[in-house]
Amino acid sequence: MTTTTAQTTPHHHGPRMLLQEFAPEVQKAMLNLERAARKGLETSLIELVKIRASQINRCAFCLDMHTKDARRLGESEERIYLLNAWEEAAGLYTEKEQAALALTEAVTLLPSGVSDAVYERAAKHFPEQELAQLIAMITTINAWNRIGVTTGLGPGAYAV
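In my numbering, the protein residues as written are 69 to 228.
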């Protein structure tokens with residue numbers, strides 16, 4: 069017999085809350101941070117980063133949103149499906165994308181730390197300004213994931 073804990077029980081009854089209703093200034097600040105973090109980054113790279121962080125954080129709402137957005141932007145199904153195993157499917161992603169994905173994983177799994185090797189790999193492909201934007205984007209999607217998971221946002225409601 070298996071037991072279910074509050075940690076593993078999925079949230080089925082819809083969102084616990086809508087942040088924009090109870091903390092509209094936080095929602096506005098997050099949207100402004102999102103806009104600022106995007107500057108100078110390729111849209112396709114942004115979506116790959118958002119999908120990968122959302123996979124790690126198990127945020128179904130963000131996964132639904134960003135896979136839809138990636139498809140709309142012309143991303144291939146193959147690259148979306150294999151993103152969870154990007155290192156094994158490295159031939160599908162540019163070296164720059166791989167560096168961004170490695171940094172995304174390190175920042176998202178922060179207790180593991182961001183090694184010098186991971187940071188230097190990213191710095192090799194991104195000028196300092198763009199690297200700063202990438203770090204901000206990774207931080208932003210992690211914050212969105214935490215809001216989505218905590219408030220119980222589920223997939224399916226987002227329309228492109």
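C-beta: ideal position from N, C-alpha, C; glycine also. This structure is a prediction, so every number in the text was calculated from the model and none was measured.
Under the three-state reduction of DSSP, V228 is assigned to coil, being neither helix nor strand. Proximity to V175 across A105, K118, I203 peaks at I203, based on C-alpha coordinates. V228 and E188 have their C-alpha atoms spaced approximately 35 Å apart.
Going by DSSP, L87 is part of the alpha helix (DSSP H) stretching over 87 to 90.
The three-state secondary structure of T135, taken from DSSP, is helix.
Within the same chain, and ignoring the five residues on either side of V186 in sequence, the residues whose Cβ sits closer than 7 Å to its Cβ are A170, L171, A174.
In the assembly as shown, V117 is a buried residue. Its beta-carbon has 16 or more other beta-carbons within 10 Å.
The Cβ atoms of E143 and S180 do not sit closer than 8 Å to each other. The criterion of a C-beta distance shorter than 8 Å is not satisfied by L199 and A211.
With 16 or more other CB atoms across the displayed protein chains lying within 10 angstroms of its CB, F194 is buried. Scanning the region 178 to 218 for uninterrupted alpha helix (DSSP H) segments of 4 residues or longer gives 184 to 193, listed from N- to C-terminal end. Close CB contacts of A158 within its chain, under the 8 Å cut and outside five residues either way in sequence, are with Q166 (chain order).
In the same chain as N125, and ignoring 5 residues on each side of it, the C-beta atoms closer than 8 Å to its own belong to T176, N210, N213, R214, V217, in chain order.
Here F129 is near G222, since their CB atoms are less than 8 Å apart.
Collapsing the DSSP output to three states places E165 in a helix.
In the three-state scheme derived from DSSP, where H, G and I count as helix and E and B as strand, L221 is classed as coil.
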